[in-house]
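Trainee: In the numbering used here, the protein residues as written are 1 to 286.
Where a beta carbon is used, it is the ideal one built from N, C-alpha and C, also for glycine.
Handing you a structure now.
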């Protein structure tokens, strides 16, 4: 997908303004240069160019070389990316410290309010809450992977959103979390979804061989991800949506639950299909 973006759009992904991204892009092409020359090459107003370059230097993307006139030289692309990550890490650490410093006061102020407001919520209302399908549901899914301690189980048609959760998926496996993915058998998919599924399955088998994969031979009534179910019903978290053929994904909502009994029920369903109504990758793909 990055091949479809312009160089300036790629640079903007580093949380740069349009002027900053334009200046950095041109610097990486020109090499060492002066502010007036860069302003002329980019069309950035001369009244703005020094502030733009100072901002890039503050981020560690550009070196300022003293002299008359002063020169500016870009860091290497790899060094720029490394510095961008480090900047974000430091910013997050500062934010985390600020949150922790205010934790006691925040809890003292708002926990009594929450308890009072929640006193008339019924058990049924506490069972689920909903999020929009898309960015919000994918954020919940990534959170499931990152917070899982023992196992994650996935029920999916083609895992078309794998790109957007892959980092969390891989991190869970690296921590020793068991991950099992139950795909819908390609016989139940149209050509487009079958092709997407084949690509994702190949990527998982090649890049994450420790993940278990099977294909449900029957249709699946829902899709979703759940983590750390317990037959004691004291742990577990899930996000799922039911199959609605005539409703576009963009108009649907996913249900999220931390009800241990419900998540245990999901695992019972998953395990029954996995053991008795599914096929191995070798049987499906060969």
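1) Can you pull the DSSP bridge partners for residue 153?
2) Could you please give the first and the last residue of the uninterrupted beta strand (DSSP E) stretch that includes residue 240?
3) Is it true that the CB of residue 225 sits closer than 7 Å to the CB of residue 154?
4) Ordered along the chain, which non-local residues of its own chain (more than five positions away) have a Cβ less than 8 Å from that of residue 172?
5) Write down the C-beta distance between residue 24 and residue 74 rounded to the nearest angstrom, noting that I regard them as a contact closer than 8 Å.
6) Kindly list the residues whose CB is nearer than 7 Å to the CB of residue 20, restricted to its own chain and excluding five residues on each side of it in sequence; keep chain order.
7) Specify, as a first and last residue, the run of the alpha helix (DSSP H) that residue 203 falls within.
8) Output yes if chain C places a C-beta closer than 7 Å to the C-beta of residue 197; else output no.
9) Residue 214 lies in the beta strand (DSSP E); which residues open and close that run?
10) Going by Cα to Cα distance, which pick from 256, 6 and 262 is closest to residue 300?
11) In three-state DSSP terms, what is residue 261?
12) Alpha carbon to alpha carbon, how far is residue 16 from residue 10? Give it in angstroms, no decimals.
13) According to DSSP, is residue 133 part of a helix, a strand, or is it coil?
14) Please go through the same chain and pick out, in chain order, the residues whose beta-carbon is closer than 7 Å to the beta-carbon of residue 188, but skip the five residues on each side of it.
15) What span of residues does the beta strand (DSSP E) with residue 74 cover, start to end?
16) If I'm right that residue 176 touches residue 208 with Cβ under 8 Å, what's the distance once you round it to whole angstroms?
17) Is residue 254 near residue 165, with beta carbons less than 7 Å apart?
18) Just verifying my parser: in three-state terms, what is the DSSP assignment at residue 55?
Mentor: Walking through what the data contain:
1) Stepping through the chain shown from its first residue, residue 153 is reached at position 153. Bridge partners of residue 153: 180 and 226.
2) Sequence index remark: in the chain shown, residue 240 carries index 240 (1-based). Here the beta strand (DSSP E) through residue 240 covers 237–242.
3) Indexing the chain shown from 1 puts residue 154 at position 154. Indexing the chain shown from 1 puts residue 225 at position 225. Against a cut-off of 7 Å, the Cβ pair of residue 225 and residue 154 comes out as a contact.
4) Position 172 of the chain shown, counting from 1, holds the residue named residue 172. Only 145, 146, 148, 152 and 179 meet the Cβ criterion.
5) Working through the chain shown from its first residue, we reach residue 24 at position 24. Working through the chain shown from its first residue, we reach residue 74 at position 74. Rounded, the Cβ-Cβ distance is 7 Å, consistent with contact.
6) Locating residue 20 in the chain shown gives position 20, where the first residue counts as 1. Excluding positions up to five away in sequence, the list reads 52, 55 and 56.
7) If you number the chain shown from 1, residue 203 lands on position 203. Its alpha helix (DSSP H) spans residues 191–207.
8) The structure shown contains no chain C; it is built from a single protein chain.
9) What you label residue 214 is simply residue 214 of the chain shown in a count that begins at 1. That run of the beta strand (DSSP E) goes 212–216.
10) With the chain running from 1 to 286 in the structure shown, residue 300 is simply not present.
11) Indexing the chain shown from 1 puts residue 261 at position 261. Of the three classes helix, strand and coil, the one that applies to residue 261 here is helix, per DSSP.
12) As a working mapping, residue 10 is identified with position 10 in the chain shown. As a working mapping, residue 16 is identified with position 16 in the chain shown. Their Cα atoms are separated by approximately 10 Å.
13) Against the chain shown, residue 133 aligns to sequence position 133. Reduced to three states, the DSSP call for residue 133 is coil.
14) As a first step, residue 188 is located in the chain shown; it is residue number 188 there, counting from the start. For residue 188, where only same-chain residues beyond five positions count, the Cβ hits under 7 Å are 219.
15) Taking the first residue of the chain shown as position 1, residue 74 is located at position 74. Counting along the chain, the beta strand (DSSP E) containing residue 74 begins and ends at 71–74.
16) Position 176 of the chain shown holds residue 176. Position 208 of the chain shown holds residue 208. Rounded, the Cβ-Cβ distance is 13 Å, inconsistent with contact.
17) For the purposes of this step, residue 254 is identified with residue 254 of the chain shown, where counting begins at 1. For the purposes of this step, residue 165 is identified with residue 165 of the chain shown, where counting begins at 1. The answer is no: Cβ separation not under 7 Å.
18) For the purposes of this step, residue 55 is taken as residue 55 along the chain shown, with counting starting at 1. Note: residue 55 maps to helix in three-state DSSP.
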